[in-house]
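According to the UniProt record's numbering, the sequence shown is numbered sequentially starting from 1. The C-beta atom is built at its ideal place from N, Cα and C for all residues, glycine as well.
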Amino acid sequence: MSSFSLAHLTLIGCSAPELVYIAARCGYDAVSPRFIPMHVPGEFSCEAHDVSLVQATKEALKNTGIRVGELELIRIVEGMDPYANEVAISLAAEMGATRMITSVWLSEPAERTYIVDQYGALCDIAYDYGLTVDLEFPTFSTLKTLHAAADIVRAAGRPNGGILIDTIYSEFSGLNLNEIDSLPKDWFHFLHIADVPSEIPTSNNGMIEIARGARLYPGEGRIDFSAILKHLPPVTFSIELPNLARVQKLGYEGHARRCLETAKQTLLPAADV
Numbered sequence: 001m002s003s004f005s006l007a008h009l010t011l012i013g014c015s016a017p018e019l020v021y022i023a024a025r026c027g028y029d030a031v032s033p034r035f036i037p038m039h040v041p042g043e044f045s046c047e048a049h050d051v052s053l054v055q056a057t058k059e060a061l062k063n064t065g066i067r068v069g070e071l072e073l074i075r076i077v078e079g080m081d082p083y084a085n086e087v088a089i090s091l092a093a094e095m096g097a098t099r100m101i102t103s104v105w106l107s108e109p110a111e112r113t114y115i116v117d118q119y120g121a122l123c124d125i126a127y128d129y130g131l132t133v134d135l136e137f138p139t140f141s142t143l144k145t146l147h148a149a150a151d152i153v154r155a156a157g158r159p160n161g162g163i164l165i166d167t168i169y170s171e172f173s174g175l176n177l178n179e180i181d182s183l184p185k186d187w188f189h190f191l192h193i194a195d196v197p198s199e200i201p202t203s204n205n206g207m208i209e210i211a212r213g214a215r216l217y218p219g220e221g222r223i224d225f226s227a228i229l230k231h232l233p234p235v236t237f238s239i240e241l242p243n244l245a246r247v248q249k250l251g252y253e254g255h256a257r258r259c260l261e262t263a264k265q266t267l268l269p270a271a272d273v
């Protein structure tokens, strides 16, 4: 049976406990909380060191039965210490997470060896906590394509390596879905879900604007979700769908509910359920 997770970026202004309670009321199976602040506009800062917030989140999970799917988000940047976020990794594992997300944000030209080493180090840390490390390829980041992400995962050669496909970035990057077929199926653990307008932006600023605040509900835009699913093993669906206008109109819970309704309408007919 397919399961659905509510990613924190969808309701970036919510605290982690509020995210859990909204997910439960709307019928989600899990959440993907951010305990590492990204400092994006409108973000409710949730840190792993905040004892009261962490306790409230644990209570919300216990009260609702909602699971934690994955930890968002560790960025690979210049001069990073891969152990700097171990507290958040440990917390996510304690809450039941089995995956964590990473992406790469370096000045050009980026040094491939550095990326491989840092990604490998994150995998080693996460392995001790039972987490996979799923490398994402936002088209305005350093790794802009599935091919580039796969190169890093393959070079690192860690048993808990993986790749996260976000449907908006597969569309933005012009991904040939046959590329997925050449990669190990056990690299794919979950899928980020959202739709995009019919006209794809060509600038980084245009892509960022959609990615952070104007994603569409599944079925509203141009993405062929059934085609994507044909190339993937059964995966969890994590709905990452920030849309500032929809939140303003529907509220946090109304938006989250509509996200889930449209995702089920669009994805379940094509999924292996």
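{"Item": "Helix or strand or just coil, what does DSSP make of Met38?", "Value": "coil"}
{"Item": "Would you call Gly219 buried or exposed, if buried means 16 or more other Cβ atoms sit within 10 Å of its Cβ?", "Value": "exposed"}
{"Item": "Since Met95 is in the beta strand (DSSP E), which residue starts that stretch and which ends it?", "Value": "Looking at the DSSP string, Met95 is not in any beta strand (DSSP E), and its letter there is neither H nor E."}
{"Item": "May I ask you to verify whether the stretch 181-193 touches the stretch 243-252, counting CB pairs closer than 8 Å and requiring at least 3?", "Value": "no"}
{"Item": "When DSSP builds the beta bridges, which residues end up paired with His192?", "Value": "Asp166, Ser238"}
{"Item": "Applying the criterion that 16 or more other CB atoms from any shown protein chain within 10 Å of the CB defines a buried residue, is Arg67 buried or exposed?", "Value": "buried"}
{"Item": "Identify whether Phe137 lies in helix, strand or coil by the three-state DSSP scheme.", "Value": "coil"}
{"Item": "Given a threshold of 16 other Cβ atoms within 10 Å of its Cβ, counted over all protein chains shown, does Leu268 qualify as buried or as exposed?", "Value": "exposed"}
{"Item": "Please name the residue in Ile101, Ala23, Ser141, Phe44 whose C-alpha comes closest to that of Asn63.", "Value": "Ala23"}
{"Item": "Nearest-angstrom Cα distance between Asp117 and Tyr127?", "Value": "15 Å"}
{"Item": "Is it true that the CB of Phe4 sits closer than 8 Å to the CB of Tyr21?", "Value": "no"}
{"Item": "Within 10 angstroms of the Cβ of Ala227, are there 16 or more other Cβ atoms? Answer buried if so, exposed if not.", "Value": "exposed"}
{"Item": "Below 8 Å on the Cβ atoms is my contact criterion, and I expect Ala155 with Phe137 to pass it. Report the Cβ-Cβ distance as a whole number of Å.", "Value": "Incorrect: roughly 15 Å between the Cβ atoms, too far for contact."}
{"Item": "Under the assumption that Val235 contacts Phe188 (Cβ atoms under 8 Å), give the Cβ distance between them as a whole number of angstroms.", "Value": "6 Å"}
{"Item": "Between which two residues does the alpha helix (DSSP H) holding Arg212 run?", "Value": "204-213"}
{"Item": "Can we say the stretch 106-116 touches the stretch 76-83, given the rule of at least three CB pairs closer than 8 Å?", "Value": "yes"}
{"Item": "Please classify residue 274: does DSSP put it in a helix, a strand, or coil?", "Value": "Any answer about residue 274 is impossible in this case: the structure gives the chain only from 1 up to 273."}
{"Item": "How should Glu171 be labelled, buried or exposed, when 16 other C-beta atoms within 10 angstroms of its C-beta is the threshold for buried?", "Value": "buried"}
{"Item": "Determine the direct distance from the alpha carbon of Ser90 to that of Val40, and round the result to whole angstroms.", "Value": "24 Å"}
{"Item": "Under a three-way DSSP split, which group does Leu73 fall into?", "Value": "strand"}
{"Item": "For the beta strand (DSSP E) that contains Ser32, what are its first and last residues?", "Value": "30-32"}
{"Item": "Which term fits Arg99, buried or exposed, when burial requires 16 or more other beta carbons within 10 angstroms of its beta carbon?", "Value": "buried"}
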